[in-house]
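Residue numbers (the numbering used here), protein chains in the order written: chain A, 1 to 50; chain F, 51 to 432.
Glycine included, every Cβ here is placed at the ideal spot set by N, Cα and C.
Please read the structure below before turning to the comments.
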Amino acid sequence: MRKTYMAVVLFALVAIVGNHLTSPSSGRAVSPEDFAGACAPCGAPCPSKK
Amino acid sequence: MSTATLSASDSGAAPSIDYLFLGAALIATAILVALVLLDGQPASAALILGGFGLGVAFLKAEFSYTASWRRFLTRGEAGGLIGGLIVIAICALAVVPVAALNKNFGGAIAPLGPSLIIGAFVFGIGMQLANGCGSGTLYTVGGGSGRMLITLAFFIVGSVFGSLSLPSTFALGGVDPVLASDYLGPWGGLAATLLSIALAAGVMIAVARKRGANWQPSRAYIVGGIVIGALCIGVFFAGGHPWSVTYGYTIWGAKIFAALGFDFSNAGFWQWPGNKQALTSSVLSDTSSLTDFGMIFGAMAAAAAAKPFASANWPPLKSLLAAAIGGLLCGWGARIGFGCNIGAFVGGVASGSLHGWVWFGAALCGNLIGIRLRPAFGLSRE
Chain A
1 MRKTYMAVVL
11 FALVAIVGNH
21 LTSPSSGRAV
31 SPEDFAGACA
41 PCGAPCPSKK
Chain F
51 MSTATLSASD
61 SGAAPSIDYL
71 FLGAALIATA
81 ILVALVLLDG
91 QPASAALILG
101 GFGLGVAFLK
111 AEFSYTASWR
121 RFLTRGEAGG
131 LIGGLIVIAI
141 CALAVVPVAA
151 LNKNFGGAIA
161 PLGPSLIIGA
171 FVFGIGMQLA
181 NGCGSGTLYT
191 VGGGSGRMLI
201 TLAFFIVGSV
211 FGSLSLPSTF
221 ALGGVDPVLA
231 SDYLGPWGGL
241 AATLLSIALA
251 AGVMIAVARK
261 RGANWQPSRA
271 YIVGGIVIGA
281 LCIGVFFAGG
291 HPWSVTYGYT
301 IWGAKIFAAL
311 GFDFSNAGFW
321 QWPGNKQALT
331 SSVLSDTSSL
341 TDFGMIFGAM
351 AAAAAAKPFA
361 SANWPPLKSL
371 LAAAIGGLLC
381 GWGARIGFGC
391 NIGAFVGGVA
401 SGSLHGWVWF
411 GAALCGNLIG
421 IRLRPAFGLS
431 RE
């Protein structure tokens, strides 16, 4: 299990760093609820605004 | 045992340190912190370190929502649930007034309706099969449980399925979020929130007493609850919102699916502005991912500092099957139900949002089903 774990940790770290270096950064870290019209943590709109 | 592991019998010291995994956890955390600091984002670094602290605290206190809820439902023991309420009460002290008074901060809110109830109920079934909720999965994965690696993988897949289902369940209807501070102001809202927590604690204690069970939280749960509550406040100030877990899983899964060629351009969920941006932005631009990564590596560091890491054997196949099914249900339910124990229950109630208590009630009902299903997978009902 240790070998599996080390492989997963290495793969995950490479994937995170690779994604970060190849993707645009939004500047300050955000959540979908920071966007206008969001009514839930996942950014869903309010039922009254649908 | 690897050569990197110093065993207690070799050294004569009480804890045995697994230097290989302790080093890996610390180096990985340092790399992530360095990356966000190079982008000029100290708040992101604070979220990673806050998550790291949460991972350590959860692991050292063995703070488990899943086991606590099961003990309450099967034996009437309320100590674990009370420990969870300590976290919420402490967090609410900052979240309710600050979110109401400062426009740069917001609470965890969500609409009330069938989507919330269905999602929470399904999540409740899943968490007993998975043997972990959102935060529990993170710290047990970080703590070296191979079984929970399976849970996390399927949790991620389930949450992507949930993102595809949410627009249709959301269309079933509902009402806008009900926030105590909207009606009572910041301090009245805080008072109402704390009162609701006290009432819930009273009901839990009454149930425990009626069943002749213990209702007092252990010392580990009291200390752990206070530390976790304080860290929740730190995460709130760093991220601008209460701590959340499972949205990160959805982003990770969608990025993996997109890399494999899946097209999300026709999926309603991924056209909502925040999600559309998150899918193309760096994963380190997402607040929940930052705390999630920190929590995994924090738990890994704490586990590796105490004993040989991930030294247990793989569990039986039936247990792994339960982990996979439970993970899928948790992932789907969390997305449909607007979060997990942390994002919906802890964050929701600590924000004074009624959806937090609705989520709790529906998830508790789901737990009853999940507990009944556990023996079919060789898991204890206790």
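Chain F contact residues for residue i, given Cβ-Cβ distances below 7 angstroms
{"i": "A:Ala7", "result": "Simply none; closest approach about 11 angstroms."}
7 angstroms Cβ cut-off: residues of chain A touching residue i
{"i": "F:Phe220", "result": "Ala44"}
{"i": "F:Lys305", "result": "Asn19"}
{"i": "F:Ile67", "result": "Those do not exist, as F:Ile67 stays about 15 angstroms from chain A at its closest Cβ, beyond 7 angstroms."}
{"i": "F:Leu371", "result": "The premise fails here: F:Leu371 is roughly 18 angstroms from chain A at the closest Cβ pair, so nothing lies under 7 angstroms."}
{"i": "F:Thr337", "result": "Ala29, Val30, Ser31"}
Residue i - DSSP class collapsed to helix/strand/coil
{"i": "A:Pro45", "result": "strand"}
{"i": "F:Thr53", "result": "Low confidence applies to F:Thr53: its pLDDT is 37, below 50, so where it sits in the model is not reliable, and the reading given next is rough at best. Of the three classes helix, strand and coil, the one that applies to F:Thr53 here is coil, per DSSP."}
{"i": "F:Asp342", "result": "helix"}
{"i": "F:Leu188", "result": "helix"}
{"i": "F:Val21", "result": "No statement about residue 21 of chain F is possible, as the shown extent of chain F runs from 51 to 432 and does not include it."}
{"i": "F:Asp89", "result": "coil"}
{"i": "A:Asp34", "result": "helix"}
{"i": "F:Leu162", "result": "strand"}
{"i": "A:Phe11", "result": "helix"}
{"i": "F:Tyr69", "result": "helix"}
{"i": "F:Asp60", "result": "Low confidence applies to F:Asp60: its pLDDT is 45, below 50, so where it sits in the model is not reliable, and the reading given next is rough at best. Of the three classes helix, strand and coil, the one that applies to F:Asp60 here is helix, per DSSP."}
{"i": "F:Leu429", "result": "coil"}
{"i": "A:Arg2", "result": "helix"}
{"i": "A:Val17", "result": "helix"}
Terminal residues of the alpha helix (DSSP H) in which residue i lies
{"i": "F:Asn417", "result": "404-423"}
{"i": "F:Phe102", "result": "92-111"}
{"i": "F:Val135", "result": "The sequence given here places Leu at residue 135 of chain F; Val does not occur at that position. 129-151 is the extent of the alpha helix (DSSP H) around F:Leu135."}
{"i": "F:Ile386", "result": "367-386"}
{"i": "F:Val301", "result": "For the record, residue 301 of chain F in the displayed sequence is Ile; it is not Val. Note, F:Ile301: alpha helix (DSSP H), 296-309."}
{"i": "F:Ala280", "result": "269-289"}
{"i": "F:Ala400", "result": "397-400"}
{"i": "F:Phe205", "result": "196-220"}
{"i": "F:Asn325", "result": "323-330"}
{"i": "F:Ala117", "result": "115-125"}
Proximal residues of chain F, C-beta to C-beta of residue i below 8 angstroms
{"i": "A:Phe35", "result": "Trp322, Pro323, Gly324, Gln327"}
{"i": "A:Val14", "result": "The contacting residues do not exist; A:Val14 stays about 10 angstroms from chain F at best."}
Chain A residues whose Cβ lies nearer than 8 angstroms to that of residue i
{"i": "F:Tyr297", "result": "Ser31, Pro32, Pro41, Cys42"}
{"i": "F:Trp364", "result": "Met1"}
{"i": "F:Ala93", "result": "Arg28, Ala29"}
{"i": "F:Phe211", "result": "Residues of chain A passing the Cβ test: none, with the nearest at roughly 14 angstroms."}
{"i": "F:Val145", "result": "None at all; the shortest Cβ gap to chain A is about 13 angstroms."}
{"i": "F:Gly289", "result": "Ala29, Ser31"}
{"i": "F:Val333", "result": "Ile16, Asn19, His20, Ser23"}
For residue j and residue i, believed in contact at Cβ under 8 angstroms, the rounded distance
{"i": "F:Phe211", "j": "F:Trp382", "result": "5 angstroms"}
{"i": "F:Gly376", "j": "F:Asn181", "result": "7 angstroms"}
{"i": "F:Val146", "j": "F:Leu240", "result": "4 angstroms"}
{"i": "F:Gln178", "j": "F:Arg121", "result": "About 12 angstroms; that fails the 8 angstroms criterion."}
{"i": "F:Phe113", "j": "F:Gly274", "result": "5 angstroms"}
{"i": "F:Gly192", "j": "F:Ile386", "result": "With 8 angstroms as the limit, F:Gly192 and F:Ile386 do not qualify as a contact, their Cβ atoms being about 26 angstroms apart."}
{"i": "F:Ala158", "j": "F:Ser246", "result": "The pair is not a contact, with the Cβ atoms about 15 angstroms apart (cut-off 8 angstroms)."}
{"i": "F:Ala160", "j": "A:Pro41", "result": "7 angstroms"}
{"i": "F:Phe427", "j": "F:Phe71", "result": "In fact, because the Cβ distance is near 29 angstroms, the residues do not count as touching under 8 angstroms."}
{"i": "F:Phe205", "j": "F:Thr187", "result": "6 angstroms"}
{"i": "F:Cys390", "j": "F:Cys183", "result": "5 angstroms"}
Proximal residues of chain A, C-beta to C-beta of residue i below 9 angstroms
{"i": "F:Thr330", "result": "Ser23, Pro24"}
{"i": "F:Gly186", "result": "The premise fails here: F:Gly186 is roughly 18 angstroms from chain A at the closest Cβ pair, so nothing lies under 9 angstroms."}
{"i": "F:Arg385", "result": "Cys42"}
{"i": "F:Ala158", "result": "Glu33, Ala40, Pro41"}
{"i": "F:Asp226", "result": "Cys39, Cys46, Pro47, Ser48, Lys49"}
{"i": "F:Gly163", "result": "Pro47"}
Proximity test, residue i beta-carbon vs the ligand MN heavy atom, cut-off 7 angstroms
{"i": "F:Ala356", "result": "You won't find the ligand MN in this model; it holds no ligand whatsoever."}
At least 3 beta-carbon pairs within less than 8 angstroms: the stretch 311-318 of chain F vs the stretch 37-46 of chain A
no
Counting pairs of beta carbons, one from the stretch 334-343 of chain F and one from the stretch 90-108 of chain F, are three or more of them closer than 8 angstroms?
yes
How do the stretch 155-174 of chain F and the stretch 408-420 of chain F stand: do at least 3 beta-carbon pairs fall below 8 angstroms, yes or no?
yes
Three or more C-beta pairs below 8 angstroms linking the stretch 122-136 of chain F and the stretch 252-259 of chain F
yes
For the pair the stretch 323-335 of chain F and the stretch 9-24 of chain A, tell me if three or more CB-CB distances fall below 8 angstroms.
yes
Are three or more beta carbon pairs between the stretch 298-316 of chain F and the stretch 193-200 of chain F nearer than 8 angstroms?
no
Counting Cβ pairs closer than 8 angstroms, one from the stretch 415-424 of chain F and one from the stretch 385-405 of chain F, do we hit at least three?
no
Does the count of Cβ pairs from the stretch 89-103 of chain F and the stretch 258-275 of chain F closer than 8 angstroms reach three?
no
With three or more C-beta pairs closer than 8 angstroms as the rule, is the stretch 280-295 of chain F touching the stretch 142-161 of chain F?
yes
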